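J.: Got a structure for you, written out below as structure tokens; questions coming shortly.
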Amino acid sequence: MSTHRILSRLTRRGLLKSLGLSVAAAALATVLPHGAEAAGDKVKVAALTFVSSSPLFIAKERGYYEDEGLDVEIEFFRAAQPVAVAIASGDADFGVTAFTAGFFNLAGKGAVKVIAGQSAEIAGHEGSAILVSNQAWEAGFRSVDDFPGHSLAMTQVGSSFHYMAGKLAEARGFDLDKVDLKPLQAVPNMIAALKTGQVDAMIIVPHIAKGLVDSGAAKTLGKVADYAPYQLGGLFTSTENVAERRDMVERFVRAYVRASADYNATLNAVDAQGNRVFGPDTQPVVDIINKYVYPDKPNDAGVKAGAMFIEPKGRFDAADIAEQVRWYQARNLVDASVDPASFIDTSFVDGGFSVTAAR
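Those letters in the sequence shown? Residues -38 to -1, 1 to 321, per mature numbering (1 follows the signal peptide of the UniProt record, and there is no 0), in order.
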């Protein structure tokens, strides 16, 4: 155990003040090898400033990384694809975001491995919302079945937004080719286009959707999970990290899963009728999430509305991830040679969770 990790635990338990820093340091010197690293293993994580990234924030603020001897820095991006690229290039050690065609192509080349779950679209829980612009609503776009002949904003071709639109088309029996897909590169561009009526619709995470609907900037048609539940995202790392720094990866996953359990217990708890309930332990978690998602103006309602389901043990639906690969391959967006079994690694957590069974 690193000096930093032990000092961190002593600090949280109020022991350094009573012992005196010099006494504690002297005591540590008798149990630690000469030259033990004080700061812990430095780790960089790539993510989006979404509520679905919350386990990362909780683990950092509650010292779970420190408990595992890790010094974690979180770097934020504006779309999912750059997160995957950061891991593959070695610019970051871990990524947490939605799966995309680009991610699967990188994984198929042996660059990254999925090691734990992130958010999932599951009926009965908060999830990605289907929004339409006020202009499109007034013109009669009132149902998911009305998508043909209308435009849909997304970040990129092959993005999770593209996949969700495709699954909606399959679920409702309309032709996706009759929807005008508009790749706008980044989520802020999607929001701006919807608000100004430059596009008719978009699919977006719930904390953003709530703000747009509550402010009167858009209308909602429902949730993706009501039509097409699926494993939206995951935690992944480089293949090199799994092979050469497995102990570090195991420690990171432990901290991440510990935080996922906190998130689930405080933001995904439901009563006998299936309604979400918030207890006294919820607000401290909401405060942590606000620090990262709404740093300028805390938004408790937005955090709670954006609390998508995250499996408390870090599990993921491996079969559903494989189905996503097949969908992209059928549209020539993922190379036919990509084998999901080559990059889905269930040795860190049990990957047996089923999004369909959880409906």
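Every residue gets a Cβ at the ideal spot worked out from N, C-alpha and C, and that includes glycine.
Because the structure is a prediction, the values reported are computed rather than measured.
1. Please report the Cβ distance between Thr117 and Ala78, rounded to the nearest whole angstrom; I am assuming they are in contact, meaning their Cβ atoms lie under 8 Å.
2. Mind checking whether Tyr189 and Ala133 have CB atoms under 8 Å apart?
3. Please state whether the Cβ-Cβ distance between Lys266 and Phe305 is less than 8 Å.
4. With a Cβ-Cβ cutoff of 8 Å, do Ala155 and Ala115 count as a contact?
5. Can you tell me which of the three DSSP states Ala133 falls into?
6. Spatial neighbours of Ala63 within its chain, please: CB distance less than 6 Å, with the 5 preceding and 5 following residues excluded, ordered by chain position.
7. With distances taken from CA atoms, which of Gly313, Ala171 and Glu83 is nearest Pro150?
8. Unbroken alpha helix (DSSP H) runs of length 4 or more, entirely within the segment 149 to 192: which are they?
9. Using 8 Å as the threshold, is the C-beta distance between Ser113 and Asp176 below it?
10. Any idea which residues DSSP pairs Pro145 with across the strands?
11. How many Å lie between Ile49 and Tyr125 at the Cα?
12. Run through DSSP, which three-state label would Gly70 get?
13. Would you grab the beta carbon distance between Val13 and Ala269 for me? Rounded to a whole angstrom, and I think it's under 8 Å.
14. Under 8 Å between the Cβ atoms of Met164 and Leu93?
15. Consult DSSP for Lys22 and reduce its assignment to one of helix, strand or coil.
16. Based on the DSSP secondary-structure assignment, which residues constitute the bridge partners of Leu93?
17. From the DSSP secondary-structure annotation, give me the bridge partner or partners of residue 325.
18. Contact defined as beta carbons within less than 8 Å: I believe Leu194 pairs with Ser81. What is the distance between those atoms, to the nearest angstrom?
19. Kindly indicate which three-state DSSP category Glu273 falls into: helix, strand or coil?
20. Tell me the rounded alpha-carbon separation between Ala42 and Gly196.
21. I'd like to know whether the C-beta atoms of Thr30 and Phe278 end up nearer to each other than 8 Å.
22. Secondary structure at Ala292, three-state DSSP: helix, strand or coil?
23. Can you say whether Glu35 is buried or exposed, counting buried as having 16 or more other CB atoms within 10 angstroms of its CB?
24. To test your reading of the DSSP string, which unbroken alpha helix (DSSP H) runs of 4 or more residues are found completely within the segment 190 to 265?
25. Starting from the Cα of Val47, find the closest Cα among Pro257, Ala73, Pro302 and Arg24 and give me that residue.
26. Enumerate in chain order the residues of its own chain whose CB-to-CB distance from Gln97 is below 6 Å, with the five nearest sequence positions on each side excluded.
27. Which partner residues of Ser81 appear in the DSSP bridge assignment?
28. Alpha helix (DSSP H) containing Ile49: first to last residue?
29. Quick check on DSSP: helix, strand or coil for Asp107?
30. Grab me the residues of Lys22's own chain with a C-beta within less than 8 Å of its C-beta, minus the 5 sequence neighbours each way, in chain order.
31. Is DSSP giving Gly102 helix, strand or coil here?
32. Starting from Glu88 and walking both ways along the beta strand (DSSP E), at which residues does that stretch end?
33. Going straight from the alpha carbon of residue 332 to that of Tyr27, what length do you get?
34. Measure the alpha-carbon distance for Met152 versus Trp99 and round it to whole angstroms.
35. What does the Cβ neighbour count give for Thr318, buried or exposed, with the cut at 16 atoms within 10 Å?
T.: Short version:
1. With a Cβ gap of about 23 Å, Thr117 and Ala78 do not count as contacting.
2. yes
3. no
4. yes
5. helix
6. Gly120, Tyr290, Leu295 and Val296
7. Ala171
8. 149 to 157 and 168 to 176
9. no
10. Met116
11. 22 Å
12. helix
13. 6 Å
14. yes
15. helix
16. Met164 and Thr182
17. With the chain covering only -38 through 321, there is no way to say anything about residue 325.
18. 5 Å
19. coil
20. 11 Å
21. The sequence given here places Glu at residue 30; Thr does not occur at that position. No, they are not a contact pair.
22. helix
23. exposed
24. 201 to 206, 208 to 229 and 244 to 255
25. Ala73
26. Gly159
27. Ile272
28. Ala42 to Ser51
29. helix
30. Val34 and Ile36
31. coil
32. No beta strand (DSSP E) holds Glu88; DSSP gives it neither H nor E.
33. The structure shown does not extend to residue 332, since the chain spans only -38 to 321, so no value can be given for it.
34. 17 Å
35. exposed
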